[in-house]
Each structure stands twice: as structure tokens, then as C-alpha cells.
Amino acid sequence: MKINKYVEDLRAKSATELNDELVAAKKELFNLRFQNATNQLDNTSRIKEVRKNIARIKTVIVQKNA
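Here it is as C-alpha cells:
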């Protein structure tokens with residue numbers, strides 16, 4: 179149910195807001211990967227979660243453009 183709420187929130191946003199959120203998620207993913215490489219990351223499952231969120235954001239962007 180938490181994922182469905184997140185996707186509904188994404189669909190309610192405009193294209194510029196989605197692009198801003200995509201950039202922020204990519205920055206977060208970069209930081210998580212950097213922390214993982216330097217052995218500072220405790221919750222490695224967060225990387226997988228952020229990658230899936232990026233895919234969800236991209237999917238909503240494509241759906242809005244179609």
C-alpha cells in the first residue's frame with residue numbers, strides 16, 4: 179500500500195516536479211553508492227529502494243508524455 183500511495187503522489191505532480199524529483203533521486207543514489215564504496219553505508223537495501231523509485235518516476239514521466 180505504501181508504494182501505491184507513492185505512485186499516486188507522483189501522478190499528481192507536474193512534469194517539472196517529476197524531473198526535479200528524478201534529479202534528486204539520482205543524486206541520492208550517487209551518494210549512497212559513494213558511501214557504500216567507502217564502507218560508510220549501514221542500510222544497503224536503500225540503494226535498491228532508490229533505484230526502484232527512479233524507475234517509478236521515469237515510468238510516470240513516460241505515461242504523462244504518451
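Converting from the sequence shown to our numbering requires adding 178 to each position, the first position being numbered 1.
Glycine is no exception: its CB is placed at the ideal position from the N, C-alpha and C atoms.
Proximity of residue i and residue j at Cβ, strictly below 7 Å
i	j	result
I239	E199	no
R224	L210	yes
Extent of the continuous alpha helix (DSSP H) to which residue i belongs
i	result
D187	180 to 190
L196	193 to 215
N221	N221 -> no alpha helix (DSSP H), and no H or E assigned at all.
Own chain, CB closer than 7 Å to residue i, minus 5 neighbours either side, in chain order
i	result
N231	A203
Q265	Here the chain covers residues 179 to 244 and nothing more, so residue 265 does not appear.
Contacting residues, own chain, Cβ-Cβ under 8 Å from residue i (five flanking each side not counted)
i	result
L196	L188, I235, V238, I239, K242
T222	N214
Y184	N231, R234
Residues near residue i by beta carbon distance below 6 Å, same chain, minus five either side
i	result
K226	none
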